[in-house]
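The next block holds one structure in the form of structure tokens; read it before the comments.
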Amino acid sequence: MTNLLLQDATFGRTPRQRGITLLHEAQAAGVATLLGCDNVQDAFCPAGSYDPLDTLACGLFSAQLSDLFDRQSRLNLRSRGANRFAGRRGALCRRGGGQRGDFPG
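The letter at position 81 of the sequence shown is residue 81 when you use the working numbering, and the numbering goes up by one with no holes.
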């Protein structure tokens with residue numbers, strides 16, 4: 001988010017040059033794409049957080065993505081990513097009431 005805030009920042013016009021990689025083209029070529037962020041309420045971006053959903057939301061809109069995950073990333077999450085936490089206390093793939101949380105799609 002800091003890069004989106006600072007790159008091509010100016011007053012009086014909309015920024016035009018932003019450092020977003022070619023996600024659509026990478027996904028079309030079969031490259032698994034994931035988003036990450038290291039902005040945690042620093043001096044340049046006080047709105048940053050550790051919340052991965054914030055990162056997904058920011059990426060979804062700034063890169064104009066039609067889906068949160070490409071096909072390969074979704075398969076990785078299901079097969080070896082989030083599922084390795086299944087059954088562990090405090091696991092990332094759990095939701096309220098101790099029920100297992102499944103990723104959509």
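Glycine is no exception: its CB is placed at the ideal position from the N, C-alpha and C atoms. Since we're looking at a predicted model, the values are computed, not measured.
Below 8 Å on the Cβ atoms is my guess for residue i versus residue j; work out the distance and round it to an integer in Å.
i: residue 44; j: residue 2; result: 5 Å
With residue i as the anchor, note down where its alpha helix (DSSP H) starts and where it stops.
i: residue 61; result: 52-62
i: residue 47; result: Taken as a continuous stretch (DSSP letters only), residue 47 belongs to no alpha helix (DSSP H), as it is neither H nor E.
i: residue 39; result: Per DSSP, residue 39 belongs to no alpha helix (DSSP H) and is neither H nor E.
i: residue 34; result: Neither: residue 34 is in no alpha helix (DSSP H) and is coded neither H nor E.
i: residue 21; result: Taken as a continuous stretch (DSSP letters only), residue 21 belongs to no alpha helix (DSSP H), as it is neither H nor E.
i: residue 2; result: 2-6
For residue i versus residue j, is the C-beta spacing smaller than 8 Å?
i: residue 63; j: residue 23; result: yes
i: residue 59; j: residue 35; result: yes
i: residue 30; j: residue 39; result: no
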